[in-house]
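Q: Just so you know, the protein sequences line up as chains A and B, in that order.
Just so we're aligned: the first sequence equals residues 1 to 357 in the UniProt record's numbering.
Just so we're aligned: the second sequence equals residues 1 to 357 in the UniProt record's numbering.
Every residue gets a Cβ at the ideal spot worked out from N, C-alpha and C, and that includes glycine.
Before we start, here is the structure in question, set down as structure tokens.
Number of protein chains: 2
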Amino acid sequence: MQNFSYDRLYKFTHDTLLKMGCSELHAQIGAEVLLSADLRGVDSHGVARLSGYVRLWEKGRINTSPSIKIVHETPSTAVVDGDGGLGLVVAPYAMNVAIEKASKAGTGWVSVKNSNHYGIAGYHAMIALDHDMIGISLTNASPLVSPTFSKERLLGTNPISVAIPAKEEPAFVADMATTTAANGKLEILQRKNQDAPWGWIQDKEGNPTTSANGVKEGGALLPLGGDREHGSHKGYALGAVVDIFSAVLSGANYGPWVPPFVAFLEPDPNPVGEGIGHFFGAMRVDAFRPAEEFKSHMDNWIKRFRSAKPTEGNEKVLIPGDPERELEAIRRVEGIPLLEPVVKDLMALGEKFGVSL
Amino acid sequence: MQNFSYDRLYKFTHDTLLKMGCSELHAQIGAEVLLSADLRGVDSHGVARLSGYVRLWEKGRINTSPSIKIVHETPSTAVVDGDGGLGLVVAPYAMNVAIEKASKAGTGWVSVKNSNHYGIAGYHAMIALDHDMIGISLTNASPLVSPTFSKERLLGTNPISVAIPAKEEPAFVADMATTTAANGKLEILQRKNQDAPWGWIQDKEGNPTTSANGVKEGGALLPLGGDREHGSHKGYALGAVVDIFSAVLSGANYGPWVPPFVAFLEPDPNPVGEGIGHFFGAMRVDAFRPAEEFKSHMDNWIKRFRSAKPTEGNEKVLIPGDPERELEAIRRVEGIPLLEPVVKDLMALGEKFGVSL
């Protein structure tokens with residue numbers, strides 16, 4: 001494990017994106033979005049993924065000079081065509097369309113097609129906070145999840161993020177995969193050669209398993225809830241709603257047709273839409289009640305929950321977004337720890353592009 | 001167990017609501033909404049709850065001749081004041097405001113304060129379907145749920161419903177509490193003297209328990225996920241979002257301040273808002289892409305998921321809404337089965353009001 005400053009990783013990512021053909025603006029946005037994952041502790045979605053994007057680009061599956069545009073709209077909605085661009089830059093564009101719509105109509109809702117992996121959901125939702133708006137960010141993803149009772153993988157980990165502004169308190173920021181556990185957590189267990197808890201995964205026959213390699217070996221992640229008795233049909237329904245809002249509304253690929261993130265797997269030769277899909281929402285707080293009033297009550301909400309009596313062995317009740325915010329404060333100062341294989345991977349990338357880490 | 005025809009229970013409910021002082025229109029709407037729960041198999045939210053509404057009305061906590069109105073609006077949003085009315089009638093009013101907004105602005109979003117329990121979430125979301133819109137329905141509820149790491153109950157079972165139209169296939173209708181299991185399921189186990197699975201409830205000390213009486217005895221229902229390792233922080237975040245959209249946006253009571261449904265418990269003497277809160281959304285499908293195109297792809301989505309290879313011992317993969325729709329078809333023909341204590345309760349109610357069951 002080696003620590004790298006934010007600025008160092010930002011420059012490396014930015015320069016690599018430039019070498020891939022991104023514009024200066026897109027390189028800036030892409031680097032900021034990608035590294036927000038590392039800052040917030042979602043290491044699986046940060047700079048460790050950069051070479052994955054490069055491999056997709058090398059296969060011609062990412063367009064680094066996209067013409068991103070609105071292809072359909074009403075006062076409060078739009079469909080954005082990402083033109084095969086990096087999700088990292090398509091998503092903030094679309095979120096800003098939602099915010100602009102909201103500034104006039106009260107709310108804005110944007111469904112996106114023809115995009116690629118967009119980094120962490122929370123980054124995009126949080127763009128709304130500075131505008132005194134609630135932000136919502138959803139995306140579908142490569143199929144790794146089996147619906148309740150299904151042997152097949154039909155859904156991605158399809159995250160939901162909701163960011164809600166407060167006054168004195170830090171914002172409420174939920175950012176969650178609709179599975180029991182995110183794929184990144186499995187990767188950690190695999191590296192440590194540890195078992196996964198029951199309820200996280202099933203093997204390729206559809207039986208529950210604790211093998212952390214279960215998904216790699218043809219099994220699947222399980223929807224939040226784990227099994228029917230513990231409400232996995234709810235996690236499945238949530239993942240399905242994310243898929244439909246992101247892709248059936250926009251005209252992207254959905255369910256098992258979502259193109260894989262890994263470059264060594266080919267997309268379905270008979271797609272049902274274009275690229276992968278996202279969905280964004282922005283709601284002006286004062287479209288409902290005066291912003292100061294709303295934010296004071298959010299402070300009260302947050303304080304009440306944070307001061308709840310904790311169960312034995314637990315220090316306190318957390319507000320969604322607390323752990324990520326605390327980690328970001330540390331990593332901005334102490335740097336971002338990268339595992340040895342990730343460092344090696346980035347070094348190789350730097351050599352290929354003539355960019356120094 | 002005794003079966004009652006829908007018409008018989010509808011007339012009884014309608015007549016009882018009239019005796020409580022509801023207008024003819026409100027009695028019709030209230031009866032239809034309440035009984036939709038019985039038809040769809042959510043027995044805990046149907047006619048069995050009628051005497052609970054009556055007791056709240058007797059205590060002056062439900063206004064049966066409310067002046068429900070919009071108190072704030074933008075092109076795509078509104079806040080509705082339910083004037084202390086039955087949630088059963090306030091909710092369809094607010095959902096129709098959302099639909100009207102959507103017909104002009106593309107989407108409509110309505111937060112509601114000063115309301116009461118609104119029956120099943122799914123009924124209200126499904127109103128959107130006939131308009132080729134996606135319907136969303138959320139509500140907060142009396143605190144019965146402990147956030148992750150909390151000994152205290154701070155949230156209700158705060159359901160999420162999303163209804164999405166298809167073409168030839170029946171609509172996709174998710175309708176789920178944000179807890180591992182709904183309270184109604186616990187009541188069934190209590191009656192049968194059976195234990196609950198791990199992950200459903202904690203006791204009053206905040207320890208996991210399998211006693212079906214755990215909640216009654218001061219414990220709490222657990223957020224979807226059950227414990228931290230299985231993602232309960234995600235269920236907690238979802239329930240929190242429902243609470244904030246329903247009540248902090250509208251000016252209703254939130255978190256532990258939500259007034260209890262049971263008349264024998266008094267509301268908090270220092271409320272933070274008015275009544276309980278709901279949140280509704282309507283999105284015109286053709287605000288994103290042509291409705292026929294969207295609905296054809298929904299058919300394709302539904303068919304693909306329904307035909308997925310099932311795991312051993314399971315017949316098929318279900319689409320959200322399948323079980324409720326199938327049960328409704330049966331109960332419309334064969335009648336609605338009511339438990340003996342419910343029948344007795346309704347008889348007593350009938351006697352009090354001079355209404356025959």
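Measuring only between beta-carbons, confirm whether His-124(B) sits less than 9 Å from chain A.
A: Taking Cβ atoms only, chain A never reaches closer than 9 Å to His-124(B), which makes this a no.
Q: Count the other CB atoms, across all protein chains shown, that sit within 10 Å of the CB of Ser-65(A); report buried if there are 16 or more and exposed otherwise.
A: So Ser-65(A) counts as exposed.
Q: In or out: residue 358(A) buried (at least 16 other Cβ within 10 Å) or exposed?
A: Residue 358(A) cannot be examined here, being either before or after the span of chain A that is shown, 1 to 357.
Q: CB-CB under 7 Å to Ser-51(A), same chain, minus the five flanking residues each way: which ones, in chain order?
A: So the qualifying residues of the chain are Asp-345, Leu-349.
Q: For His-14(A), which residues does DSSP report across the bridge?
A: Bridge partners of His-14(A): none, in fact.
Q: The ligand HEM and Ser-142(B): does the residue's C-beta get closer than 8 Å to at least one heavy atom of that ligand?
A: The model on display carries no ligand, and the ligand HEM is accordingly not part of it.
Q: Could you pull out every residue in the same chain whose Cβ sits closer than 8 Å to the Cβ of Val-173(A), ignoring the five residues on either side in sequence?
A: Closer than 8 Å at the Cβ level, and outside the excluded window around Val-173(A), lie Gly-122, Ala-125, Met-126, Ser-161, Val-162, Ala-163, Ile-164, Pro-320, Gly-321, Glu-324, Arg-325.
Q: Three or more beta-carbon pairs under 8 Å between the segment 171 to 185 of chain A and the segment 218 to 226 of chain A, yes or no?
A: The answer is yes - the segment 218 to 226 of chain A touches the segment 171 to 185 of chain A, with three or more Cβ pairs under 8 Å.
Q: Could you name the residues of chain A that Glu-312(B) contacts, counting a contact when the two beta carbons are closer than 7 Å?
A: Correct list: Gly-206.
Q: Mapping DSSP to helix, strand and coil, what is Arg-153(A)?
A: Residue state, collapsed to three classes: coil.
Q: For my contact list, Gly-277(A) and Ala-252(A) are in at a C-beta cut-off of 8 Å; report their separation, rounded to the angstrom.
A: So it is a contact: roughly 3 Å between Cβ atoms.
Q: Using the Cα positions of Glu-152(A) and Asp-7(B), report the straight-line distance between them to the nearest angstrom.
A: Each residue's alpha carbon lies about 43 Å from the other.
Q: Mind checking which residues open and close the beta strand (DSSP E) that includes Ala-174(B)?
A: Where Ala-174(B) is concerned, the enclosing beta strand (DSSP E) stretches over 172 to 176.
Q: How would you write the range of the alpha helix (DSSP H) that Trp-109(A) sits in, first residue to last?
A: Run containing Trp-109(A): none in the alpha helix (DSSP H); it sits in the beta strand (DSSP E), 107 to 115.
Q: According to DSSP, is Arg-289(A) part of a helix, a strand, or is it coil?
A: Coil.
Q: From the DSSP output, read off the bridge partner residues of Ala-163(A).
A: Answer is Gly-135(A), Val-173(A).
Q: Within a Cβ cutoff of 7 Å, which residues of the same chain sit near residue 382(A), ignoring the five residues on either side of it in sequence?
A: Any answer about residue 382(A) is impossible in this case: the structure gives chain A only from 1 up to 357.
Q: So is Arg-331(B) buried or exposed if we call it buried at 16+ other beta carbons inside 10 Å?
A: By the 10 Å Cβ count, Arg-331(B) comes out buried.
Q: On the three-pair Cβ rule with 8 Å, is the segment 202 to 216 of chain B touching the segment 280 to 298 of chain A?
A: Contact between the segment 202 to 216 of chain B and the segment 280 to 298 of chain A is absent, because fewer than three Cβ pairs lie under 8 Å.
Q: What residues of chain A sit near Glu-187(B), judged by a beta carbon separation below 8 Å?
A: Correct list: empty, because the minimum Cβ distance to chain A is about 17 Å.
Q: Anything in the segment 320 to 341 of chain B with a Cβ closer than 8 Å to a Cβ of chain A? List those residues in chain order, please.
A: Listed by position along the chain: Pro-320.
Q: To the nearest angstrom, how far is the alpha carbon of Gly-184(B) from that of Phe-4(A)?
A: Distance between the alpha carbons of Gly-184(B) and Phe-4(A) is about 52 Å.
Q: Is the Cβ-Cβ distance between Arg-228(A) and Phe-149(A) less than 9 Å?
A: A contact, by the Cβ cut-off of 9 Å.
Q: Taking 6 Å as the limit between beta carbons, can you name the residues of its chain near Tyr-254(A), skipping five residues before and five after?
A: The residues are Asp-243, Ala-247, Val-248.
Q: So with Cβ pairs under 9 Å, would you call Glu-169(A) a contact of chain B?
A: Judged by the 9 Å Cβ criterion, Glu-169(A) is not in contact with chain B.
Q: Whose C-beta lies closer than 7 Å to the C-beta of Trp-57(B) among residues of the same chain, with five residues either side of it excluded?
A: Cβ within range, chain order: Met-20, Thr-64.
Q: Can you tell which of Ile-99(A), Phe-12(A), Ala-287(A) has its C-alpha closest to the C-alpha of Lys-352(A)?
A: Looking at the Cα atoms, Phe-12(A) is the closest of the given residues.
Q: Measure the alpha-carbon distance for Arg-191(B) versus Glu-340(B) and round it to whole angstroms.
A: Going from the Cα of Arg-191(B) to the Cα of Glu-340(B) covers about 12 Å.
Q: Considering only their Cβ atoms, is the gap separating Gln-28(B) from His-14(B) smaller than 9 Å?
A: Cβ atoms of His-14(B) and Gln-28(B): closer than 9 Å.
Q: For a test of the three-state rule: what should DSSP assign to Lys-216(B), helix, strand or coil?
A: Residue state, collapsed to three classes: coil.
Q: Whose CA, out of Ala-102(B), Val-110(B), Tyr-53(B), lies closest to the CA of Gly-85(B)?
A: When each option's Cα is compared against that of Gly-85(B), the closest is Tyr-53(B).
Q: Please list the partners that Leu-154(A) has in chain B, where partner means a Cβ-to-Cβ separation under 9 Å.
A: Near Leu-154(A) (Cβ distances below 9 Å), the residues of chain B are Arg-304, Phe-305, Ala-308, Val-317.
Q: Return helix, strand or coil for Asp-268(A), following the three-state DSSP convention.
A: In the structure shown, Asp-268(A) sits in coil (DSSP, three-state: anything other than H, G, I, E or B).
Q: Is it right to say Pro-143(A) is buried, meaning 16 or more other beta carbons lie within 10 angstroms of its own, or is it exposed?
A: So Pro-143(A) ends up on the buried side.
Q: Per DSSP, Val-79(A) is paired with what?
A: DSSP output for Val-79(A) lists His-72(A), Ser-111(A) as bridge partner(s).
Q: When DSSP builds the beta bridges, which residues end up paired with Leu-338(A)?
A: Answer is Gln-2(A), bridged to Leu-338(A).
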